[in-house]
Amino acid sequence: MLKLFRYGFAELSSISQLSRCLSIGACSRAFTSQARRDPSETDEATAAINEGERLNLESDSTRTNSNADPHQNPYKNEMEETFAPFRFVYPEFLPDPTIKWRNRVREKLERMDMLKRRSNIDIPEFYVGSILSVTLSDRNAPGKTNTFVGICIQREGTAMRSMFTLRNVVDGHGVEITFDLYNPTILNITCLRLEKRLDENLRYLRDAPPEYSTFPFDMVPELRNPDAPVPINTLKVKLNPKPWHAKWQLWDLKGVEDFSHELESREWRKLNTWKFSEGYETAKYDLMKTYRSTIPAEEQTEIYSEVHQQLAKLTASLRKQKRKRTFVKPQKTV
1 MLKLFRYGFA ELSSISQLSR CLSIGACSRA FTSQARRDPS ETDEATAAIN
51 EGERLNLESD STRTNSNADP HQNPYKNEME ETFAPFRFVY PEFLPDPTIK
101 WRNRVREKLE RMDMLKRRSN IDIPEFYVGS ILSVTLSDRN APGKTNTFVG
151 ICIQREGTAM RSMFTLRNVV DGHGVEITFD LYNPTILNIT CLRLEKRLDE
201 NLRYLRDAPP EYSTFPFDMV PELRNPDAPV PINTLKVKLN PKPWHAKWQL
251 WDLKGVEDFS HELESREWRK LNTWKFSEGY ETAKYDLMKT YRSTIPAEEQ
301 TEIYSEVHQQ LAKLTASLRK QKRKRTFVKP QKTV
């Protein structure tokens with residue numbers, strides 16, 4: 001026994017192994033002395049052996065469960081999976097990832113203002129590449145309202161500073177209008193076609209043929225299943241010959257056709273030099289850059305768990321109001 005305590009603790013890795021050794025020693029002593037005991041003592045020894053085996057099995061199962069997921073929180077994982085789509089549908093509720101611009105009190109007050117604004121207007125789900133129709137009040141217009149239809153080419157900003165840009169070709173001229181998402185003069189926002197594009201910015205449509213940006217102002221909204229996934233338009237845009245509004249060769253564009261034939265050897269050398277100097281190939285492995293440009297999942301879950309109930313109530317009430325039939329009071333005619 002002294003040897004067991006002298007050498008056993010250095011070799012055993014857990015309390016369950018120690019209990020197993022002690023139980024095995026007790027079992028061996030019980031079997032060796034079983035022949036010299038009476039039948040009652042033999043039954044007691046057998047019961048002790050069975051009890052020791054049961055304790056060993058329980059300790060092994062406990063150790064296995066503790067080693068399988070020692071830090072796993074089922075509730076936390078469930079919450080993250082529940083609110084994962086929210087960062088695509090409501091990206092403006094996430095704060096700016098720049099640390100020096102963060103203010104927790106201001107962010108909370110802005111979220112309250114955004115919810116109040118959403119109680120007066122239905123802001124649909126849309127992405128870059130979706131076709132929208134925006135109606136806003138304009139005191140200089142004949143009917144005091146103005147409507148613009150176009151494709152969303154850019155979406156930027158956070159909280160009350162969220163903006164989106166629509167582009168359309170009117171009378172052969174490209175027209176782009178940037179709207180504040182929570183502008184109180186906006187009366188209605190309708191998503192005519194819900195879809196995504198391969199790129200998160202479609203400003204290269206400025207250097208594309210007009211047919212890629214032309215949409216009729218009397219376009220009818222497309223019907224879709226609300227439970228269906230958002231379709232992704234894999235259209236490849238063909239750019240016009242140079243000159244361009246920007247150096248699109250420096251952008252990692254996926255939704256345009258190959259334009260390498262438009263580049264000269266001098267531009268190719270500059271492109272390779274820029275990629276090497278900016279660490280283009282190793283940027284995706286920069287963990288600190290990714291951390292500083294995104295919001296952690298834990299903080300996203302905390303923000304969306306704060307507003308998801310009110311968002312669900314507002315969406316349900318606004319949809320219910322849309323389904324109601326509107327009655328017009330008849331007027332007497334002379």
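Position 90 of the sequence shown, counting from 1, maps to 90 under UniProt numbering, and the rest follow consecutively.
Idealized CB from N, CA, C, for every residue including glycine.
In this text the structure is predicted, and so the values were computed from the model without any measurement.
Find out if the Cβ-Cβ distance for the pair residue i, residue j is shorter than 8 Å.
{"i": "R206", "j": "G174", "result": "yes"}
{"i": "Y163", "j": "L136", "result": "As written in the sequence, residue 163 is Met, which differs from the Tyr given in the question. Taking 8 Å as the Cβ cut-off, M163 and L136 do not qualify as a contacting pair."}
{"i": "P209", "j": "N240", "result": "yes"}
{"i": "E195", "j": "I232", "result": "yes"}
{"i": "E262", "j": "K242", "result": "yes"}
{"i": "Q249", "j": "L94", "result": "no"}
{"i": "residue 340", "j": "I121", "result": "This structure does not reach residue 340, given that the chain is present from 1 up to 334, and the question cannot be answered."}
{"i": "V128", "j": "R161", "result": "no"}
So which of the options has the shortest CA-CA distance to residue i?
{"i": "I131", "options": "D113, M114, K320, T165", "result": "T165"}
{"i": "I151", "options": "T294, N201, L94", "result": "N201"}
{"i": "V89", "options": "Y304, R319, K320", "result": "Y304"}
{"i": "F217", "options": "L198, D113, N146, E298", "result": "N146"}
{"i": "L318", "options": "P124, A297, D258, S133", "result": "P124"}
{"i": "P184", "options": "E92, M114, E299", "result": "M114"}
{"i": "E92", "options": "R111, W268, E298, D286", "result": "R111"}
{"i": "L253", "options": "L287, L198, R193, F126", "result": "L198"}
{"i": "P226", "options": "K242, C191, S260, W248", "result": "C191"}
{"i": "P246", "options": "M160, K144, R117, R203", "result": "Before going further, note that residue 246 is Ala rather than Pro in the sequence given. Nearest C-alpha to A246: R203."}
{"i": "G172", "options": "S213, R161, W251", "result": "S213"}
{"i": "F148", "options": "E298, N188, W101, N140", "result": "N188"}
{"i": "N168", "options": "I153, S260, N140, E267", "result": "I153"}
{"i": "V220", "options": "A159, K284, S133, N103", "result": "S133"}
{"i": "F215", "options": "K320, M160, V170", "result": "V170"}
{"i": "A159", "options": "V128, R87, R139, N272", "result": "R87"}
{"i": "I99", "options": "L311, K289, A316, K320", "result": "K289"}
{"i": "P85", "options": "F126, L109, A283, R139", "result": "F126"}
Would you identify the three-state DSSP class for residue i, choosing helix, strand or coil?
{"i": "residue 342", "result": "Only positions 1 to 334 of the chain appear in the structure, and residue 342 is not among them; the question remains open."}
{"i": "E200", "result": "coil"}
{"i": "V128", "result": "coil"}
{"i": "S133", "result": "strand"}
{"i": "C27", "result": "Summary for C27: the model assigns pLDDT 48, below 50, so the residue's position carries little reliability, and this model does not support an answer."}
Comparing the C-beta of residue i with each C-beta of chain B, is any distance below 8 Å?
{"i": "R111", "result": "The question asks about chain B, but that chain is absent: this structure has only one protein chain."}
Might you give, ordered along the chain, the residues of its own chain that have their beta carbon closer than 7 Å to the beta carbon of residue i, omitting 5 neighbours on each side?
{"i": "R193", "result": "S130, I131, E222"}
{"i": "P97", "result": "R292, S293, T294, I295"}
{"i": "W244", "result": "D207"}
{"i": "R117", "result": "Y182"}
Only counting the same chain, and skipping five residues up and downstream in sequence, which positions put a Cβ closer than 6 Å to that of residue i?
{"i": "E306", "result": "none"}
{"i": "H308", "result": "none"}
{"i": "S119", "result": "L314"}
{"i": "E107", "result": "P95"}
{"i": "N310", "result": "Checking the sequence, you will find Gln at residue 310 rather than Asn. Same-chain partners within the cutoff: L115."}
{"i": "V105", "result": "none"}
Which same chain residues end up closer than 8 Å to residue i when comparing Cβ atoms and leaving out the 5 residues on each side of it in sequence?
{"i": "K236", "result": "G255, V256, E257"}
{"i": "E302", "result": "none"}
{"i": "R102", "result": "P95, D96"}
{"i": "K238", "result": "A208, P209, V256, E257"}
{"i": "F179", "result": "V134, L136, M163, F164, T165, L166, I186"}
(request) Only counting runs of 4 or more residues, tell me where the alpha helix (DSSP H) segments fall wholly within the stretch 268-319, in order along the chain. (result) 287-292
(request) Taking only runs that begin and end inside the stretch 148-235, name each unbroken beta strand (DSSP E) of 3 or more residues, in chain order. (result) 163-170, 173-180, 186-193
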